[in-house]
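Asks: Under this note's numbering, think of the first position of the sequence shown as 2, with each following residue one higher. Starting off with a structure, shown below.
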Amino acid sequence: MTSTATDYPDPGELLPYGYPALQVDRIVRHEPGVLTATKAVTYHELDSHLGSSRPGAFPASLTIESFLQACGLLVMLETQSPGQQLLIFGSARGIRVTGAVYAGELLEHTVELVDLDEGTATCTGVARAGDGRVVLEVGRAVTLLRPADSLAGPVRTDGS
């Protein structure tokens with residue numbers, strides 16, 4: 002049986018972001034250790050990020066953010082209890098921006114899980130424009146995994 006994009010969860014259900022911070026629209030493929038996700042680049046977004054001086058190209062910083070969110074989606078799908086995990090971006094190495102994606106194009110991320118243990122996840126991959134051009138290469142992106150309640154403040158017992 003062939004999987005379709007509707008077979009996968011909505012990225013907004015796995016990541017703690019909403020518009021405009023969420024930079025992945027859809028998961029289109031997931032197999033153990035590999036995920037493909039897409040982001041539609043629109044003029045509307047470019048207006049909201051860049052105002053009337055928009056160049057028509059999606060900023061490289063947002064392409065990287067979108068890629069890292071795709072990594073986060075893969076990690077969440079690979080963990081045993083995704084709703085109980087908090088992802089914290091750690092570092093990225095070997096980032097190479099090789100092109101741009103323009104309004105009206107689809108940005109496609111293919112990310113691979115290199116390593117996953119109790120405290121960290123390491124991914125690698127590429128992002129392509131709709132015509133197949135590679136626009137971003139990432140050698141290694143490291144994400145920290147922590148219990149979701151680890152950011153909760155101390156419980157006060159003094160009633161204040």
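We treat Cβ as the ideally placed atom computed from N, Cα and C, and that holds for glycine.
Could you tell me if G19 is buried or exposed, where buried requires 16 or more neighbouring beta carbons within 10 angstroms of its beta carbon?
Replies: Numbered from its first residue, the sequence shown carries residue 19 at position 18. Exposed is the call here.
Asks: If you count every other CB in all the chains shown that lies within 10 Å of the CB of I28, and 16 or more means buried, which is it?
Replies: Working through the sequence shown from its first residue, we reach residue 28 at position 27. Its Cβ being crowded by 16 or more others within 10 Å, I28 is buried.
Asks: Measuring only the C-alpha atoms, how far is E109 from T158?
Replies: Counting from one through the sequence shown, the residue named residue 109 turns up at place 108. Counting from one through the sequence shown, the residue named residue 158 turns up at place 157. Roughly 49 Å between the two C-alpha positions.
Asks: Using only the alpha-carbon positions, how far apart do E113 and G140 sit?
Replies: By one-based count along the sequence shown, residue 113 stands at place 112. By one-based count along the sequence shown, residue 140 stands at place 139. Each residue's Cα considered, the two are about 10 Å apart.
Asks: Apart from the five residues on each side of it in sequence, which residues of its chain come closer than 6 Å, Cβ to Cβ, to L107?
Replies: The residue labelled residue 107 in the question sits at position 106 within the sequence shown. Excluding positions up to five away in sequence, the list reads T39, A41 and G131.
Asks: Determine the burial state of G13: buried for a count of at least 16 other Cβ atoms within 10 Å of its Cβ, exposed for fewer.
Replies: Numbered from 1 along the sequence shown, position 12 holds the residue referred to as residue 13. Exposed is the call here.
Asks: Our contact map puts Y103 next to A58 with C-beta atoms below 8 Å; I'd like the distance itself, whole angstroms only.
Replies: Mapped onto the sequence shown, residue 103 falls at position 102. Mapped onto the sequence shown, residue 58 falls at position 57. Indeed, because the Cβ distance is near 5 Å, the residues count as touching under 8 Å.
Asks: I think A1 touches V25, with their Cβ atoms under 8 Å apart; what is that distance to the nearest whole Å?
Replies: The requested residue 1 does not occur in the structure, where the chain is confined to residues 2 to 161.
Asks: Starting from S92, trace the beta strand (DSSP E) in both directions and tell me its first and last residue.
Replies: Position 91 of the sequence shown, counted from the start, is the residue given in the question as residue 92. Note, S92: beta strand (DSSP E), Q86 to V98.
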